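Numbering (this note's numbering), first residue to last: 22 to 450.
Ideal Cβ positions, reconstructed from N, Cα and C, are used throughout, including at glycine.
None of the values given here were measured: they were computed from a predicted structure.
Contents: one structure, followed by commentary.
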Amino acid sequence: MKIFLRGIIASFLSMLLIFPVIASARESNSISSNPAATNTLAGTAALQKAIEKRLGITNDHGIRLGGAWVGDINELFSGGVHDADHFSANSLFQLSLSADGEKMAGWKGSLFDIELLQFNGQNTNGEAGSVQGYNSLPGPPPLNRTELYQLWYRQELFDEKVIFRIGKSVPTFDFNNVINRVPLNHTDIPAVTGLIYTPIFVNASLIGVLPGYYNSAYGLELTIAPTKQWYLSAAVYDGNGAQDVQTGIKVGPTLNGVYFYIGETGFSWLLGKNEKPGKLGLGVWHQDGPITGSPDLVENAASGFYLFGSQRLWYKDPGVNYSGISGFYQYGINNSDVLPMQQYVGAGLTGFGLIPQRIGDTIGAGFALSWLNQESFSRRTELMFQAYYQTEIIKHVILEPVISYIPTPGAASDLNPAWAGTLRAVILF
Numbered sequence: 022m023k024i025f026l027r028g029i030i031a032s033f034l035s036m037l038l039i040f041p042v043i044a045s046a047r048e049s050n051s052i053s054s055n056p057a058a059t060n061t062l063a064g065t066a067a068l069q070k071a072i073e074k075r076l077g078i079t080n081d082h083g084i085r086l087g088g089a090w091v092g093d094i095n096e097l098f099s100g101g102v103h104d105a106d107h108f109s110a111n112s113l114f115q116l117s118l119s120a121d122g123e124k125m126a127g128w129k130g131s132l133f134d135i136e137l138l139q140f141n142g143q144n145t146n147g148e149a150g151s152v153q154g155y156n157s158l159p160g161p162p163p164l165n166r167t168e169l170y171q172l173w174y175r176q177e178l179f180d181e182k183v184i185f186r187i188g189k190s191v192p193t194f195d196f197n198n199v200i201n202r203v204p205l206n207h208t209d210i211p212a213v214t215g216l217i218y219t220p221i222f223v224n225a226s227l228i229g230v231l232p233g234y235y236n237s238a239y240g241l242e243l244t245i246a247p248t249k250q251w252y253l254s255a256a257v258y259d260g261n262g263a264q265d266v267q268t269g270i271k272v273g274p275t276l277n278g279v280y281f282y283i284g285e286t287g288f289s290w291l292l293g294k295n296e297k298p299g300k301l302g303l304g305v306w307h308q309d310g311p312i313t314g315s316p317d318l319v320e321n322a323a324s325g326f327y328l329f330g331s332q333r334l335w336y337k338d339p340g341v342n343y344s345g346i347s348g349f350y351q352y353g354i355n356n357s358d359v360l361p362m363q364q365y366v367g368a369g370l371t372g373f374g375l376i377p378q379r380i381g382d383t384i385g386a387g388f389a390l391s392w393l394n395q396e397s398f399s400r401r402t403e404l405m406f407q408a409y410y411q412t413e414i415i416k417h418v419i420l421e422p423v424i425s426y427i428p429t430p431g432a433a434s435d436l437n438p439a440w441a442g443t444l445r446a447v448i449l450f
């Protein structure tokens, strides 16, 4: 299997040198620096548009159908737990149906969305002995699940300066989102990084309390964004995920007095004569109610602080496209005695369009370092490094080989360093 996976990656990298230029620079409109002020919908609606064109439909009346499939294969080259299964595969399917209230009924600034999720995967991170998770697709069991992923209503008020959302959503889209593109420039980059390890999507100090993929949760979010440079957001969500309740699988809300509260503020800027965009976000949170770390570790509440940010460091062709290099950073800490990780720091670099004639490709690397709960783990910290190359081989089809190195797997102190390779594919429709 090792030879098989290495052969795939080698063939794929060779293909990059001869594949015709398909990916192109994408120009994006400026958005608020707050992820919550920018709505996130699955996929591109390309399939819907193709069907409408085929049938001669010229008005979709605000209905949007989109989705995505994300799949990967993983090979654990060395290290991992005793008798580890060295090969694993994961598959995620999302389907979203949204309705624009303004287009449908003149209800300005309103949007409705319902989204389904199907995941089938394996214990990829557990086999490597990784507590943080070098692969973001598999989460807690069950690893085969069908769920109502999102069901919400979103409303913009006062010329988009006040926004609220109510229903079942994914808080990690709106809070602590270091990946979200940096605004304020006509050459915005689509995302800050393409790394796939779990802490890039949810700060490790928040794992165990913050709802997110694939355990979405019911809640209420409010964002005040008076300018495109500054925002203030606050939200309350179902907090039963802290007791290992799989909130993503639950169809209806749970109103039992256990809630997760979070607030965040941030701002963005343009630096230097080439107007290199940057952003910074700061947040605080509180989990009210029982938190279960293991059958023997339980506490009644916990709080924490986090920050994240990114900065464009260099433009290869200023004013022409977004090719160049950006950096990002993350930090988080909590006062919990039971959560698996109590402090986290991470950072990385991303190169955009650095290979000639492949302006849409990205390459990047990053590290994640977490301080582990000594009541649950004998190893004090887990350190992880990761590097990737991402390319759009045809429109809406993306391939990404990834290499991960975990010198100190946190599951046990006697585990040897782990090397793992991942080949991920993304299809948007």
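Measure the Cβ-Cβ separation of residue i and residue j and say whether it is below 8 Å.
i	j	result
S357	E320	yes
L227	G87	no
L118	A105	no
P247	D259	no
Y409	I217	yes
L449	G147	no
S99	W440	yes
G367	L390	yes
S112	G142	yes
Q171	S237	yes
Q407	G387	yes
Q153	P220	yes
N355	A323	yes
A446	G215	no
V199	A432	no
L303	L328	yes
D134	L62	yes
G385	G372	yes
Y239	I245	no
N144	L158	no
Q411	T443	no
G160	Y235	yes
What distance in whole Å lies between the Cβ atoms of residue j and residue i, which are believed to be in contact at a cut-off of 8 Å?
i	j	result
A257	L276	Note that residue 257 is Val in the sequence shown, not Ala. Between L276 and V257 the Cβ distance is about 11 Å, and since that is not below 8 Å, they are no contact.
E168	I270	5 Å
Y365	Q351	7 Å
G262	V223	Incorrect: roughly 12 Å between the Cβ atoms, too far for contact.
E403	P430	7 Å
What's the call for residue i, buried or exposed, on a 16-neighbour Cβ count within 10 Å?
i	result
P41	Its pLDDT being 28, under 50, P41 is placed unreliably by the model, and nothing is read from it.
T79	exposed
L132	buried
E421	buried
E285	buried
I419	buried
Q115	buried
N197	buried
P377	exposed
K74	exposed
I72	exposed
N342	buried
L76	exposed
R379	buried
Q264	exposed
A67	exposed
V272	exposed
I415	exposed
S344	buried
G287	buried
G340	exposed
R85	buried
G330	buried
A126	exposed
Can you pull the DSSP bridge partners for residue i?
i	result
I448	W90, V418
T429	Beta-bridge pairing links T429 to no other residue.
N236	G233
W173	D134, G188
P298	L291
L328	L303, Y352
Q364	I354, W392
Q407	G387, S425
F108	E96
Y252	G287
Y336	G345
F114	W90, Q139
Would you check whether the ligand PLP has a heavy atom nearer than 7 Å to the C-beta of residue i?
i	result
Q267	The model on display carries no ligand, and the ligand PLP is accordingly not part of it.
Counting only C-beta atoms, is residue i closer than 8 Å to chain B at any point?
i	result
N295	Although the question refers to chain B, the structure presented lacks it and comprises just one protein chain.
task: Decide if the region 180–190 is in contact with the region 295–307; the criterion is three or more beta carbon pairs, one per stretch, under 8 Å apart.
output: Short answer: they don't touch.
Sufficient close CB pairs (3 or more, under 8 Å) joining the region 303–319 to the region 276–284: yes
- prompt: Are at least three pairs of beta-carbons, each pair with one atom in the region 358–367 and one in the region 390–401, less than 8 Å apart?
  reply: yes
- request: Spell out a yes or no on whether the region 339–351 and the region 170–182 are touching, meaning 3 or more CB-CB pairs, one atom from each, closer than 8 Å.
  value: no
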